[in-house]
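Peer 1: Quick one: the structure is below, and I'll ask about it shortly.
Residue numbers (the working numbering): 28 to 471.
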């Protein structure tokens, strides 16, 4: 072979090898990478004793940061611009390049959660370990650095969006004062904690037109008349939540307790038992569903984000009803008007009774998850195994939501009208969120 021909062959081989290396396929992340971030957030919330509405806020904005990255890089995922109230137009500078968008999405979630959550700095150690694992599966330092740069840019925009929701202004509002009128809510034992987030209804909703868009029917009027509807509700709670529970009903009530404020007394000592919030429980269920259905990375980010958006909106409207109706809890009413020694199975949470938050939150989440996975999605809920709570199997998300709702009656902390109307409100919010996401925006 002539020298010139040999040179051409060598150049061709060199070009082919170089081209192949430059086009080397990057590692891909999975639905588990998204779920791990959610799990880390939940652990921090337990550590910080984050209240349920605020937990939903953390989930919503952190997921939106990841979603924004995905929507800019996956043609199948629509932008939230035009879907969410006041959502900004985000333009990524051209100089941001060389990133892996999946890695950027995960890092954007971490960055946002790290800035929002009180102990968010603890996420830095998790991020460090996570990036080490990314290097092991083939991500280069250059790609990681570029991905982090992109993630920080998006996170900054989402944090500005979060700051504009007026949550920070709540600290400037006057301290909430108990009404001290017959039938109004009072603090409850054993810790007699102050009311949680009495002004949460004042923050910006994400999809709802207002916090009062889906006002439920009014609660049964308070009355001490033994022939009244309210007193009959009182007797019903007293009979069932006292000695009328089966072991299975007790198990169900404890399974869905999800009370971050659980305080136990032992002699003269009070100590807290940390648990996840109801929103964190449903985000955990979302992770189980995505893993079982083997959803793609992008779809997993979408599902988690829509569930989180639904959680924040349903907490806002639920809290609007709680502090507007300001109804007395069963524990207070039963001890005052029927039996001074009575105690509910579950500890009463520190906020008004009507409407049932578990009923609203669980139904909203179930409606959204059913939209994505169908009416008969069977799964095993092991979200709280680490808290010593055995798994439960469900044949559908709706079955789980109904069980979560009735558990609050069996636990002795809600009257039945708060549960029934909570299911109705949760259904309306869930359907509204899905409709907005499906029809509120188009892919740019």
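Cβ coordinates follow ideal geometry from the N, Cα and C atoms, glycine included.
With a threshold of 16 other CB atoms inside 10 Å of the CB of residue 192, please say whether the residue is buried or exposed.
Peer 2: By the neighbour-count rule (16 or more Cβ atoms within 10 Å), residue 192 is buried.
Peer 1: Report the option in 92, 67, 444 and 88 whose CA atom is closest to the CA atom of residue 157.
Peer 2: Checking every option, the nearest Cα to that of residue 157 belongs to 67.
Peer 1: Considering only C-alpha positions, which residue in the set 353, 172, 328 and 376 is nearest to residue 211?
Peer 2: Nearest option by C-alpha distance: 353.
Peer 1: Expressed to the nearest angstrom, what Euclidean distance is found between the alpha-carbon atoms of residue 465 and residue 404?
Peer 2: Looking at the two C-alpha atoms, the distance is approximately 21 Å.
Peer 1: Using a Cβ-Cβ cut-off of 8 Å (strictly less than) and excluding sequence neighbours within five positions of residue 143, which residues of its own chain qualify?
Peer 2: For residue 143, where only same-chain residues beyond five positions count, the Cβ hits under 8 Å are 84, 85, 88, 89, 186 and 189.
Peer 1: Classify residue 256: buried if its beta carbon has 16 or more other beta carbons within 10 angstroms, exposed otherwise.
Peer 2: With fewer than 16 other Cβ atoms within 10 Å, it is exposed.
Peer 1: Would residue 59 be called buried (16 or more neighbouring beta carbons within 10 Å of its own) or exposed?
Peer 2: It counts as exposed.
Peer 1: To the nearest angstrom, how far is it from the Cα of residue 24 to the Cα of residue 397?
Peer 2: As displayed, the chain neither begins before 28 nor continues past 471, which places residue 24 out of reach and without an answer.
Peer 1: At a threshold of 8 Å, does residue 206 count as lining the ligand HEM (C-beta to nearest heavy atom)?
Peer 2: Among the ligands in the structure shown, none appear at all, so the ligand HEM cannot be discussed.
Peer 1: From which residue to which residue does the alpha helix (DSSP H) around residue 103 run?
Peer 2: Careful: residue 103 lies outside any alpha helix (DSSP H) and carries neither H nor E.
Peer 1: By Cβ distance, which residues of its chain are closer than 6 Å to residue 131, with the 5 residues on each side in sequence left out?
Peer 2: The answer, listed in chain order, is 96, 174, 177 and 178.
Peer 1: Please report the distance separating the alpha-carbon of residue 318 from that of residue 259.
Peer 2: If you take the alpha carbons of residue 318 and residue 259, they lie about 45 Å apart.
Peer 1: Output the boundary residues of the alpha helix (DSSP H) element that contains residue 177.
Peer 2: Counting along the chain, the alpha helix (DSSP H) containing residue 177 begins and ends at 168 to 190.
Peer 1: Would you tell me roughly how many angstroms separate the C-alpha atoms of residue 288 and residue 123, rounded to the nearest one?
Peer 2: Taking the straight line from one Cα to the other gives about 44 Å.
Peer 1: Note down the Cα distance separating residue 366 from residue 213, rounded to an integer number of angstroms.
Peer 2: Residue 366 and residue 213: Cα-Cα distance of roughly 17 Å.
Peer 1: Going by DSSP, which residues form a beta bridge with residue 203?
Peer 2: Bridge partners of residue 203: none, in fact.
Peer 1: What's the call for residue 202, buried or exposed, on a 16-neighbour Cβ count within 10 Å?
Peer 2: It is exposed - the Cβ of residue 202 has fewer than 16 other Cβ atoms within 10 Å.
Peer 1: Can you give me the start and stop residues for the beta strand (DSSP E) that residue 153 sits inside?
Peer 2: Run containing residue 153: none in the beta strand (DSSP E); it sits in the alpha helix (DSSP H), 150 to 163.
Peer 1: Output needed for residue 454: all residues of its chain with C-beta closer than 7 Å, excluding positions within five of it in sequence on either side, in chain order.
Peer 2: These residues qualify, in order along the chain: 390 and 394.
Peer 1: Counting C-beta neighbours from all protein chains within 10 Å, is the total for residue 129 16 or more, i.e. buried, or is it exposed?
Peer 2: Its Cβ being crowded by 16 or more others within 10 Å, residue 129 is buried.
Peer 1: Just the C-alpha distance for residue 94 and residue 200, rounded to the nearest angstrom, thanks.
Peer 2: Rounded to whole angstroms, residue 94 to residue 200 spans 33 Å at the Cα level.
Peer 1: Going by other Cβ atoms of all chains shown within 10 Å of its Cβ, with 16 needed for buried, is residue 441 buried or exposed?
Peer 2: Answer is buried; the Cβ neighbour count reaches 16.
Peer 1: Within the continuous beta strand (DSSP E) that includes residue 419, where are the two ends?
Peer 2: Run containing residue 419: 419 to 421, per the beta strand (DSSP E) assignment.
Peer 1: Identify whether residue 465 lies in helix, strand or coil by the three-state DSSP scheme.
Peer 2: Looking at residue 465 - three-state DSSP - the assignment turns out to be helix.
Peer 1: Measuring alpha carbon to alpha carbon, tell me which residue in 263, 106 and 75 is nearest residue 463.
Peer 2: When each option's Cα is compared against that of residue 463, the closest is 106.
Peer 1: Based on Cα-Cα distance, which residue from 334, 180 and 278 lies nearest to residue 388?
Peer 2: The option with the nearest alpha carbon to residue 388 is 334.
Peer 1: Around the C-beta of residue 306, are 16 or more other C-beta atoms found within 10 angstroms, so that it is buried, or is it exposed?
Peer 2: Its Cβ being crowded by 16 or more others within 10 Å, residue 306 is buried.
Peer 1: Just how far apart, CA to CA, sit residue 412 and residue 308?
Peer 2: Their backbone Cα atoms lie some 11 Å apart in a straight line.
Peer 1: Assign residue 111 to one of three DSSP states: helix, strand, or coil.
Peer 2: Strand, per DSSP.
Peer 1: Could you say which of 425, 263, 375 and 418 lies nearest to residue 402 if we only look at CA atoms?
Peer 2: Nearest C-alpha to residue 402: 425.
Peer 1: Less than 8 Å between the CB atoms is what I'm expecting for residue 460 and residue 328, so what's the real figure, rounded?
Peer 2: About 16 Å; that fails the 8 Å criterion.
Peer 1: Using CA coordinates, which residue listed in 239, 456, 64 and 458 is at the minimum distance from residue 138?
Peer 2: Looking at the Cα atoms, 64 is the closest of the given residues.
Peer 1: Determine the direct distance from the alpha carbon of residue 357 to that of residue 363, and round the result to whole angstroms.
Peer 2: If you take the alpha carbons of residue 363 and residue 357, they lie about 10 Å apart.
Peer 1: Does DSSP put residue 231 in a helix, a strand or coil?
Peer 2: In this structure, residue 231 counts as coil in the three-state DSSP scheme.
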